[in-house]
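Here is the structure we will look at.
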Amino acid sequence: MDVKKNGDVSFWYADIGGVPGYRPPLQGDIVADVCIVGAGYTGLWTAYYLKQAAPHLNIVVIEKEFAGFGASGRNGGWLSGGFSWSREKYEEATSRAGVIAMQAAMTGTVNEVISVA
Numbered sequence: 103m104d105v106k107k108n109g110d111v112s113f114w115y116a117d118i119g120g121v122p123g124y125r126p127p128l129q130g131d132i133v134a135d136v137c138i139v140g141a142g143y144t145g146l147w148t149a150y151y152l153k154q155a156a157p158h159l160n161i162v163v164i165e166k167e168f169a170g171f172g173a174s175g176r177n178g179g180w181l182s183g184g185f186s187w188s189r190e191k192y193e194e195a196t197s198r199a200g201v202i203a204m205q206a207a208m209t210g211t212v213n214e215v216i217s218v219a
């Protein structure tokens, strides 16, 4: 396996034997109902939920490098519903109800990621 220095690619690829092989560029035209540019979290989640909502759509995801190459593949792998700041500070900026709603949304996001994985 080719050893990469920190920051070259995600360490997560070490668990699967290294980075994926590069695929050749698309040749010719491709027909799609929806074309998503970028196979990071936003692109892949968009494709996933769009296909769930409209299974008849022909959805194409195009990525310059490989899925997870950019920032999405270089994160620390954390999945947390916790706050990065104190609840009191958030409450000062919004309200107690706002903090409760944000906590519910953050917990819901964690549950959603787990259910999809």
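So the number in the working numbering is just where the residue sits in the sequence shown, counting from 1, plus 102.
Ideal placement from N, C-alpha and C gives every residue a C-beta, glycine not left out.
Bridge partners - residue i, DSSP secondary structure assignment
i, result
"residue 201", "Answer is none; residue 201 lacks a bridge partner."
"residue 161", "136"
Integer-rounded CB distance, given that residue j should sit under 8 Å from residue i
i, j, result
"residue 142", "residue 172", "5 Å"
"residue 181", "residue 133", "Not a contact, Cβ separation roughly 36 Å."
"residue 183", "residue 212", "4 Å"
Length of the line joining the Cα atoms of residue i and residue j
i, j, result
"residue 139", "residue 194", "39 Å"
"residue 115", "residue 179", "12 Å"
"residue 113", "residue 148", "25 Å"
"residue 199", "residue 144", "28 Å"
"residue 150", "residue 117", "24 Å"
"residue 162", "residue 189", "41 Å"
"residue 176", "residue 187", "23 Å"
"residue 205", "residue 185", "8 Å"
"residue 146", "residue 165", "10 Å"
"residue 192", "residue 170", "32 Å"
"residue 196", "residue 130", "52 Å"
8 Å Cβ shell around residue i - same chain, five flanking residues per side excluded
i, result
"residue 159", "135, 136, 152, 153"
Same chain only: Cβ atoms within 7 Å of residue i, ignoring 5 sequence neighbours per side
i, result
"residue 210", "none"
Cβ-based neighbour list, residue i, same chain, cut-off 6 Å, excluding 5 preceding and 5 following
i, result
"residue 202", "none"
"residue 168", "122"
"residue 208", "183"
Kindly confirm or deny that the segment 144–155 and the segment 117–132 touch, where touching means at least three C-beta pairs closer than 8 Å. no
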